[in-house]
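Below: one structure, written as structure tokens.
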Amino acid sequence: MKMEWQILFEGRLFCSLSLPKPFCSSLPDDPLLECFSVANDSNIEVDALHAETVKRAITENRAAVAEGILLKLPFTTIFEYLQILQLISVSLRDLGPSAIFFLAAAVSDFYIPWESMLETDKQFLLAKADMALKKYKMHMVIANELSTRKEEVIVVTEQEKVTVRRDSTRAGAEVECPLVELVVDRHSAYIKKFDA
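When we follow our numbering, the leftmost residue of the sequence shown carries the number 66, and every step to the right adds one.
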């Protein structure tokens, strides 16, 4: 959203992790349970430690929705996710190369034991990313290992593999900032090919 794009955010209903990233990055892993406390029988209050972050998240989220920058589309099943994705794809077809999709649904996490997950073996992960590029005709795949996902990701294209790291010298910096910059740069270059 900082790049002034309009965002259609498809997230799992009732999942605290499905909050749009700009609004929840400074919140704890389980914001509903960690940011609030029961004041008395009928009142809940924001803990002082998280008050400013929660206020900012709510304010920015509501502003983005009101301005038409953010549309949140909840789903509960894989079927709903795919149906909504198809509707979005058809609706955005006329935008051609100007539209961009970030697909980040790791449904396998719910069915596969931790030790068998793809995201725990870097070489296998990169091989699968290469395969996805070819099989699904993607322009890039963003791969991450579970253990280092908040520190670095690997952007895989047909030409290269680029490791993107969070700026550890800046407090509160996240890997998403340099990642989005890289994706925006690559997407802008891709669009210019069609304008020429």
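Beta carbons are placed, not taken as given, at the ideal position from N, Cα and C, and that holds for glycine.
Where residue i falls: helix, strand or coil (DSSP)
i    : result
L211 : helix
R158 : helix
V249 : helix
S233 : coil
A128 : helix
I219 : strand
F189 : helix
L150 : helix
L198 : helix
V119 : helix
A104 : strand
E241 : helix
I109 : strand
Distance between residue j and residue i (C-alpha atoms, nearest Å)
i    : j    : result
T222 : S163 : 19 Å
S102 : R121 : 18 Å
K193 : V240 : 22 Å
V268 : R231 : Outside the shown range of the chain, which is 66 to 261, sits residue 268, and nothing can be said about it.
A128 : A104 : 28 Å
Buried versus exposed, by CB contacts within 10 Å (16 or more), residue i
i    : result
N209 : buried
F140 : buried
V248 : buried
E75  : buried
L147 : exposed
V172 : With a pLDDT of 49 at V172, under the threshold of 50, the modelled position of this residue cannot be trusted, and the question is left open.
The ligand HEM heavy atom lying under 7 Å from the CB of residue i
i    : result
S253 : Among the ligands in the structure shown, none appear at all, so the ligand HEM cannot be discussed.
Cβ pair count under 8 Å reaching 3, the region 127-144 against the region 213-220: Flag = no, the region 127-144 and the region 213-220 do not touch.
Cβ contact (3+ pairs, closer than 8 Å) linking the region 151-169 and the region 241-258: Contact holds: three or more Cβ-Cβ distances are below 8 Å.
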